[in-house]
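Engineer: Under the UniProt record's numbering, the residue at position 269 of the sequence shown is numbered 269, and the numbers go up by one with no gaps.
The structure under discussion is supplied below as structure tokens; questions concerning it will follow.
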Amino acid sequence: MGNTSSDRVLGDRHGAKSHRSDGVSSSQAVKEQETSKIMVDSADDPNIFNTHILELKPSAEKEFMHFIPDSEEPVKPPQQARPTVIRWAGGGKEVYIAGSFNSWATKIPLNKSHNDFVAILDLPEGEHQYKFFVDGQWVHDTSEPVVTSQMGTINNLIQVKKSDFEVFDALNVDSLECSDSSDLSSSPPGPYGQEVYTFQPEERFKSPPILPPHLLQVILNKDTNISCDPALLPEPNHVMLNHLYALSIKDGVMVLSATHRYKKKYVTSLLYKPI
Numbered sequence: 001m002g003n004t005s006s007d008r009v010l011g012d013r014h015g016a017k018s019h020r021s022d023g024v025s026s027s028q029a030v031k032e033q034e035t036s037k038i039m040v041d042s043a044d045d046p047n048i049f050n051t052h053i054l055e056l057k058p059s060a061e062k063e064f065m066h067f068i069p070d071s072e073e074p075v076k077p078p079q080q081a082r083p084t085v086i087r088w089a090g091g092g093k094e095v096y097i098a099g100s101f102n103s104w105a106t107k108i109p110l111n112k113s114h115n116d117f118v119a120i121l122d123l124p125e126g127e128h129q130y131k132f133f134v135d136g137q138w139v140h141d142t143s144e145p146v147v148t149s150q151m152g153t154i155n156n157l158i159q160v161k162k163s164d165f166e167v168f169d170a171l172n173v174d175s176l177e178c179s180d181s182s183d184l185s186s187s188p189p190g191p192y193g194q195e196v197y198t199f200q201p202e203e204r205f206k207s208p209p210i211l212p213p214h215l216l217q218v219i220l221n222k223d224t225n226i227s228c229d230p231a232l233l234p235e236p237n238h239v240m241l242n243h244l245y246a247l248s249i250k251d252g253v254m255v256l257s258a259t260h261r262y263k264k265k266y267v268t269s270l271l272y273k274p275i
């Protein structure tokens, strides 16, 4: 009996150990499954990357492709801003302008020019509504086109067209072509420097310059027509005025002359001086 009870006790102890070992092995298996699961499916560990490839179902693939923008659609180029003159001739001390071109966010001041106010704005092509803010009140110009907005207010309307600026665009292109061409350079060829050019002594003129050709036809060089009244001389050229002329000395007499203008009359004085 004593042996039997002892065998039972030993068997119970071995059974407990076996149960414990089974529990330990099962817990280790669970941990291995969890670690393997983390290594494959989890991205919690920054050193472990998910190697699974995302597989889309046909319906999900269609929905995903629906949100992808079509890159082949043509992109509209931005509209070019055109300089537009805005004028207000209704008087006032301080004049501002606001419109749809700046979402009515800010008021742009106009500069006073004589009796009106002017501003040059770079507006994109298309239609724009605008209104003036004159001395604290919103008003519109009755001499310009108007339109009624959805709120029932009356605003001025301006339409900026590309055709209105074709001439300026052509002039701009022409000026760029002229500036790019090297054949039309205004500077003559040759070296250039910062040194001031000095005349050599032999380059100095030893005699006075030749008389300009328009001064050769002065009254002293002309013969008076016999049929004309010597007191009435022909009308001189304007370049001959306020000059002192002298004839070559003949028979011991020097002749000096000067022509002046008084309003619409020309007076020529002759001086004879014996030598």
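C-beta: ideal position from N, C-alpha, C; glycine also.
Given the structure is predicted, the values throughout are model-derived calculations rather than measurements.
Is residue 93 near residue 135, with beta carbons less than 8 angstroms apart?
Structural biologist: In this structure, residue 135 lies closer than 8 angstroms to residue 93 by Cβ.
Engineer: Quick one: Cα of residue 96 to Cα of residue 145, how far?
Structural biologist: Approximately 18 angstroms between the Cα atoms of the pair.
Engineer: How would you call residue 88, buried or exposed, if buried means at least 16 neighbouring beta carbons within 10 angstroms?
Structural biologist: Answer is buried; the Cβ neighbour count reaches 16.
Engineer: Quick one: grab the DSSP three-state call for residue 156.
Structural biologist: It is a strand residue.
Engineer: By DSSP, does residue 243 sit in helix, in strand, or in coil?
Structural biologist: Coil at residue 243, not helix or strand.
Engineer: Among 117, 124 and 102, which one has its Cα closest to the Cα of residue 301?
Structural biologist: With the chain running from 1 to 275 in the structure shown, residue 301 is simply not present.
Engineer: Given a threshold of 16 other Cβ atoms within 10 Å of its Cβ, counted over all protein chains shown, does residue 123 qualify as buried or as exposed?
Structural biologist: The residue is buried, with at least 16 neighbouring Cβ atoms inside 10 Å.
Engineer: Taking a contact to mean a Cβ-Cβ separation below 8 angstroms, would you say residue 111 touches residue 98 in this structure?
Structural biologist: No, Cβ-Cβ distance for residue 111 and residue 98 is not below 8 angstroms.
Engineer: Do you know offhand how far residue 232's Cα is from residue 248's?
Structural biologist: Computed Cα separation, rounded: 24 angstroms.
Engineer: Near residue 161, what residues of its chain come up, given a Cβ to Cβ distance below 8 angstroms and the 5 sequence neighbours on each side ignored?
Structural biologist: The residues are 125.
Engineer: Judging by CA-CA distance, which residue of 256, 91 and 255 is the nearest neighbour of residue 139?
Structural biologist: Measuring from the Cα of residue 139, the nearest candidate turns out to be 91.
Engineer: Where does residue 233 sit, in a helix, a strand or coil, going by DSSP?
Structural biologist: Residue state, collapsed to three classes: coil.
Engineer: What three-state label does DSSP hand residue 115 in the structure shown?
Structural biologist: It is coil, neither helix nor strand.
Engineer: State the start and end residues of the unbroken beta strand (DSSP E) segment that holds residue 258.
Structural biologist: It spans 253-262 - the beta strand (DSSP E) in which residue 258 sits, taken as one unbroken run.
Engineer: So, with DSSP's three-state summary, where would you put residue 140?
Structural biologist: Looking at residue 140 - three-state DSSP - the assignment turns out to be coil, as it is neither helix nor strand.
Engineer: Beta carbon of residue 155, beta carbon of residue 149: below 8 angstroms?
Structural biologist: Contact flag set, yes.
Engineer: Buried or exposed: where does residue 259 fall if 16 or more other Cβ atoms within 10 Å of its Cβ makes it buried?
Structural biologist: Buried, because 16 or more other Cβ atoms sit within 10 Å of the Cβ of residue 259.
Engineer: According to DSSP, is residue 123 part of a helix, a strand, or is it coil?
Structural biologist: In this structure, residue 123 counts as strand in the three-state DSSP scheme.
Engineer: Identify which residue in 137, 143 and 159 has its Cα closest to the Cα of residue 83.
Structural biologist: When only C-alpha atoms are compared, the closest one is 159.
Engineer: Please report how far the alpha carbon of residue 261 lies from the alpha carbon of residue 197, in whole angstroms.
Structural biologist: In a straight line, the C-alpha of residue 261 is about 42 angstroms away from that of residue 197.
Engineer: Taking DSSP as the reference, what is the three-state secondary structure of residue 269?
Structural biologist: Residue state, collapsed to three classes: strand.
Engineer: Taking the alpha-carbon of residue 266 as reference, which of 246, 237 and 272 has the nearest alpha-carbon?
Structural biologist: Cα-wise, what sits closest to residue 266 is 237.
Engineer: Please classify residue 42 as buried or exposed, where buried requires at least 16 other C-beta atoms within 10 Å of its C-beta.
Structural biologist: Caution applies to residue 42, whose pLDDT of 43 falls short of 50 and renders its modelled position unreliable; the value that the coordinates give is listed next. Answer is exposed; the Cβ neighbour count stays below 16.
Engineer: Provide the residue span of the beta strand (DSSP E) that contains residue 99, from first to last.
Structural biologist: Segment 95-99, the beta strand (DSSP E) holding residue 99.
Engineer: When you compare only the Cα positions, how much space is there between residue 212 and residue 218?
Structural biologist: Each residue's alpha carbon lies about 11 angstroms from the other.
Engineer: Rank 255, 192, 116 and 239 by C-alpha distance to the C-alpha of residue 214 and give the top, closest one.
Structural biologist: Nearest of 255, 192, 116 and 239 to residue 214, Cα basis: 239.
Engineer: Can you check whether the CB of residue 255 is closer than 8 angstroms to the CB of residue 270?
Structural biologist: Yes, these two residues count as a Cβ contact at 8 angstroms.
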